[in-house]
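From first to last, the protein sequence lines are chains X and D.
Per the numbering used here, the first sequence starts with residue 110, numbered consecutively.
Per the numbering used here, the second sequence starts with residue 110, numbered consecutively.
Below you'll find the structure, written out as structure tokens, and then a few comments.
2 protein chains.
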Amino acid sequence: MPESANSPARSAHRDGGGPTSDAETGISRRRLIGTAGATGLVLGAGGATAGYAVGSGDGDGAAPLSSVGAGRVMFHGKHQPGITTPLQARGHLLAFDLAAGAGRKEAAALLRRWSATAQRLMAGEPVRTAGGHDTGIALDAGPSSLTVTFGFGHSFFGRTGLGKQRPAALDPLPAFSSDHLDKARSDGDLWIQIGADDALVAFHALRALQQDAGETARLRWQMNGFNRTPGATERPMTTRNLMGQIDGTNNPKPSDQDFEQRLFVPDPPAAGVPGWMAGGSYVVMRRIRMLLDDWEKLPPSAQEEVIGRRKSDGAPLTGGSETTEMQLEKTGPDGKLVVPLNAHARITRPDQNGGAALLRRPFSFHDGFDPDGIPDAGLLFVCWQADPLRGFVPVQRKLDRGDALSRFIRHEASGLFAVPAAPAAGAYVGQPLLEG
Amino acid sequence: MPESANSPARSAHRDGGGPTSDAETGISRRRLIGTAGATGLVLGAGGATAGYAVGSGDGDGAAPLSSVGAGRVMFHGKHQPGITTPLQARGHLLAFDLAAGAGRKEAAALLRRWSATAQRLMAGEPVRTAGGHDTGIALDAGPSSLTVTFGFGHSFFGRTGLGKQRPAALDPLPAFSSDHLDKARSDGDLWIQIGADDALVAFHALRALQQDAGETARLRWQMNGFNRTPGATERPMTTRNLMGQIDGTNNPKPSDQDFEQRLFVPDPPAAGVPGWMAGGSYVVMRRIRMLLDDWEKLPPSAQEEVIGRRKSDGAPLTGGSETTEMQLEKTGPDGKLVVPLNAHARITRPDQNGGAALLRRPFSFHDGFDPDGIPDAGLLFVCWQADPLRGFVPVQRKLDRGDALSRFIRHEASGLFAVPAAPAAGAYVGQPLLEG
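As structure tokens, then:
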């Protein structure tokens with residue numbers, strides 16, 4: 110390791126990260142870098158990235174973690190982690206159904222176990238699973254910005270006798286003409302999103318949480334996803350998807366005045382919204398298969414007309430850079446709109462959807478290939494909003510009526526889950542619902 | 110980005126990397142870090158890792174890549190890349206069969222296309238695929254230590270009329286009692302290994318190479334794998350697998366006197382070995398499913414007896430650290446051998462196998478889950494040797510007779526491929542075979 114980088118790397122680390130925090134309990138898997146401790150990612154600062162700094166020897170012979178491993182996200186806070194946390198390199202989405210005979214009491218015990226496990230996992234500490242011991246898969250690694258996020262699906266409430274606590278926002282999503290939904294990979298009583306910058310850390314969390322489910326809940330479906338590795342690209346804010354397109358440009362920014370209001374249920378909630386959702390959010394998950402053979406046959410200029418943005422840098426076709434406003438009325442020498450009426454980026458603009466806004470936080474997926482050799486690949490579209498009826502639903506309705514992108518994609522699975530606020534210290538996720 | 114880290118990070122980078130090299134042709138996707146250019150990973154230095162350094166602004170306002178993105182492996186050299194290259198975070202294994210009607214001439218043209226594409230991909234340059242344009246999936250990213258490695262399977266030689274050039278070492282592997290092989294995911298005419306530290310860079314390469322295959326070859330099978338993300342752990346040499354065990358401790362080291370001899374066919378080859386394999390190697394690939402539910406039910410102490418090494422640090426149960434020699438005859442207070450006779454690490458020791466040695470260079474895999482909820486996960490075991498009959502075969506024969514690990518794993522797919530030396534500049538992989 111480069112001893113010469115010692116001090117500057119540390120200060121760089123501090124510059125790049127947010128507030129730091131010590132491990133909460135027990136001994137962290139690994140000593141983190143010097144005084145910087147951990148890259149304390151600021152919850153609520155969705156657009157921020159950690160400053161990825163090189164670790165350097167500190168004199169005792171062991172090489173410290175670089176901040177990829179040292180990155181740590183807090184489990185407790187205002188909102189659950191994994192919503193405004195910067196995109197991670199690896200992700201798992203899982204849904205569980207309660208087992209026959211398991212009701213509110215068993216669900217409460219499960220959420221208590223899961224919360225305790227998630228807290229330890231996110232601190233980089235070993236966990237005790239149903240087998241009584243940690244699997245060891247994450248040994249040596251730092252927390253690697255692991256987040257674990259829990260949600261409740263429509264069917265959860267009936268099964269637990271909590272029907273009166275079910276938010277209207279969990280009503281099933283309308284059918285869309287582009288839907289080719291596989292029920293077995295959609296919905297579910299309970300939802301977990303795992304994200305981390307290291308694939309083994311993420312898998313370790315998946316196994317621990319799965320074992321915690323024990324006899325209480327059965328895995329319904331599970332999906333794997335990925336984004337760029339930290340440091341592989343210069344782009345700090347947005348990722349690319351497997352169509353080669355920059356993804357997430359129009360996301361709400363933490364600096365937006367209404368950022369909190371668009372993403373999270375207010376505290377106290379509006380009339381008619383159950384109190385346990387104060388500070389919570391709703392997630393819509395869609396497995397969007399990309400028809401890559403068809404897409405890749407289009408010349409890049411035609412692909413750009415489908416999207417309305419340049420492939421190279423995500424700038425609108427009307428010019429500027431990624432963050433430049435699109436000139437909706439601008440026409441070209443041929444008198445036609447530069448950004449066609451059915452361009453994906455035009456249709457999804459908030460001002461074209463009555464102000465509807467959602468935070469896209471996707472993972473790409475690639476699960477082998479079809480018999481014709483085409484990859485079974487695309488986007489695990491994950492989006493967050495305070496109310497799906499003012500977020501995903503109006504946007505998807507509009508896309509459904511005339512998105513140029515629709516002939517290159519296929520929605521294959523869908524889920525809508527209520528994601529309550531983070532628990533207070535000593536409490537567990539959903540406690541106000543399950544013990545309210 | 111941390112301006113203050115500028116100079117030290119650069120020097121750290123130089124310290125950590127090997128010789129640097131400019132892009133060979135065209136314009137690289139991204140300007141790499143200052144004068145360091147690229148982390149020129151030294152071919153042949155299997156154990157070395159790149160020094161992961163933070164990039165720093167160079168005054169023109171654009172943030173440079175950290176060395177995760179800047180890491181570059183050379184396509185030309187003595188041996189093909191991806192053999193002694195340090196483990197990468199993401200991997201794809203693919204096999205193709207020649208299409209009906211495609212023979213030696215078409216195969217030669219394909220290998221020429223593939224070689225040109227691989228060279229550009231590994232330099233971080235855009236490629237021209239069958240569709241005539243780059244997919245854009247790797248835009249913004251550096252080469253990210255991408256490697257592309259090509260091999261020829263037993264069936265290739267008959268189909269191309271090159272039967273006389275088929276090395277005896279490609280004779281089918283013997284059957285093992287633990288085999289549960291799926292033919293559809295085994296063997297194949299042509300084999301490609303893709304590795305990179307960024308999942309999108311790896312997928313970009315996969316699509317480009319797949320499109321290059323055009324009508325000449327059809328995808329037979331394809332597998333995805335992963336290892337730790339650079340910087341997630343302090344361990345530079347070995348990785349962990351999904352059993353939580355350190356993997357690869359007994360690998361030959363570049364500093365071993367016989368490293369080259371164990372891994373690569375000599376130049377000129379021994380009598381009876383075709384000349385086109387000079388400087389080449391043989392790869393054995395096994396999809397090894399881990400029966401994780403059974404494994405995880407074992408207490409860690411019992412797991413350690415199965416392996417013969419400590420989970421925490423990979424040290425032999427007879428003490429020391431990961432690199433300490435195992436004391437084969439040492440007994441405990443109960444008079445029993447400390448490392449049981451059927452311990453995996455005892456059986457696989459080179460001195461227990463007539464000196465057989467192979468270089469393990471695996472990826473973990475995780476492809477969803479079985480109906481019973483158990484992950485379809487394990488190890489894409491990839492090993493390299495100068496001669497499989499003095500590498501994989503004797504070791505696996507011995508394991509087959511009494512490895513304590515065997516009841517926790519299942520070999521589900523298998524492949525054996527001849528991997529020729531790297532081509533000279535201007536030549537393509539396998540040219541001495543196809544035009545010899």
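Glycine is no exception: its CB is placed at the ideal position from the N, C-alpha and C atoms.
Source: prediction; values computed, not measured.
Problem - 9 Å Cβ cutoff, D/R516 in contact with chain X - result: no
Exercise for the section: In angstroms with no decimal places, state the Cα-to-Cα distance between D/G186 and X/G487. Expected result: 36 Å
Handout entry: Rounded C-alpha distance that separates X/T338 from X/K273
Key = 43 Å
Handout entry: the segment 245-258 of chain D: positions lying closer than 9 Å to chain X by Cβ
Key = G245, I246, A247, L248, D249, A250, G251, S253
Handout entry: Three-pair Cβ contact test at 8 Å for the segment 254-262 of chain X versus the segment 525-534 of chain X
Key = yes
Practice task
Kindly list the residues whose CB is nearer than 6 Å to the CB of D/P190, restricted to its own chain and excluding five residues on each side of it in sequence; keep chain order.
Solution key: V182, T256
Handout entry: Any chain D beta carbon closer than 9 Å to X/P409
Key = yes
Practice task
Return the first residue and the last residue of the beta strand (DSSP E) that X/R396 is part of.
Solution key: 390-399
Practice task
Keeping to the same chain, check which residues put their C-beta closer than 8 Å to that of X/P503; ignore five residues upstream and five downstream.
Solution key: N462, G463, A465
Exercise for the section: Locate the alpha helix (DSSP H) running through X/M386, then write down its first and last residues. Expected result: X/M386 -> no alpha helix (DSSP H), and no H or E assigned at all.
Practice task
Run the proximity test for D/A293: is its beta-carbon closer than 8 Å to any non-hydrogen atom belonging to the ligand ZN?
Solution key: For the ligand ZN, the structure offers nothing, since it holds no ligand at all.
Problem - Contact with chain D by X/G156, beta-carbon distance below 9 Å - result: The pLDDT assigned to X/G156 is 27, lower than 50, so where the model puts this residue is not dependable; a value taken from the coordinates is nonetheless given after this. Chain D, which has no Cβ nearer than 9 Å to the Cβ of X/G156, makes this no.
Exercise for the section: Compute the beta-carbon to beta-carbon distance between D/V448 and D/T427, rounded to the nearest angstrom, for a pair I have assumed lies under 8 Å. Expected result: 6 Å
Problem - Any C-beta of chain X under 9 Å from that of D/A211 - result: no
Handout entry: Sufficient close CB pairs (3 or more, under 8 Å) joining the segment 519-526 of chain X to the segment 415-429 of chain X
Key = no
Handout entry: Closer than 8 Å at the beta carbon, the chain X residues around D/R344
Key = D249
Handout entry: X/G428 - partner residues in DSSP beta bridges
Key = Per DSSP, none; premise fails for X/G428.
Exercise for the section: Kindly indicate which residue of D/L299, D/H453, D/T226, D/D402 has the alpha-carbon position closest to the one of D/D321. Expected result: D/T226
Exercise for the section: Give the secondary structure of X/R337 by DSSP, where H, G and I count as helix, E and B as strand, and everything else as coil. Expected result: coil
Problem - Whole-angstrom distance between D/I397 and X/L309, CA atom to CA atom - result: 17 Å
Exercise for the section: Could you name the residues that DSSP lists as bridge partners for D/H201? Expected result: D/I303, D/N333
Problem - Span of the alpha helix (DSSP H) around X/L508 - result: 501-511
Exercise for the section: Verify the CB distance criterion: does D/A486 have a CB-CB separation below 9 Å to chain X? Expected result: yes
Problem - Continuous beta strand (DSSP E) assignments of at least 3 residues falling wholly in the segment 275-300 of chain X - result: none
Practice task
Establish whether the CB of X/G340 and some CB of chain D are separated by less than 9 Å.
Solution key: yes
Problem - Partner residues on chain D for X/V491, Cβ-Cβ distance less than 7 Å - result: Under the 7 Å cutoff, chain D gives no residues; its nearest Cβ is about 17 Å from X/V491.
Practice task
Just confirm the distance between the C-beta atoms of X/A495 and X/F373, as a whole number of angstroms; I'd bet it's less than 8 Å.
Solution key: 6 Å
Problem - Cβ of X/G297 within 9 Å of any chain D Cβ - result: no
Problem - X/P484 - partner residues in DSSP beta bridges - result: X/F478
Practice task
Would you mind sorting X/Q366 into buried or exposed? The rule is 16 or more other CB atoms within 10 Å of its CB.
Solution key: exposed
Handout entry: For X/H201, the nearest candidate out of X/A232, X/D476, X/L437 (CA to CA)
Key = X/D476
Practice task
Report yes or no: is there a C-beta of chain D within less than 9 Å of the C-beta of X/Q319?
Solution key: yes
Exercise for the section: With DSSP as the reference, please indicate the residues paired to X/F490 in a beta bridge. Expected result: X/R395
Problem - Within chain D, partners of X/N333 - CB distance below 9 Å - result: N333, H475, D476, G477
Practice task
Taking the CB atoms as reference points, tell me whether X/P541 and X/G381 lie closer together than 9 Å.
Solution key: no
Problem - 6 Å Cβ shell around X/E215 - same chain, five flanking residues per side excluded - result: T325
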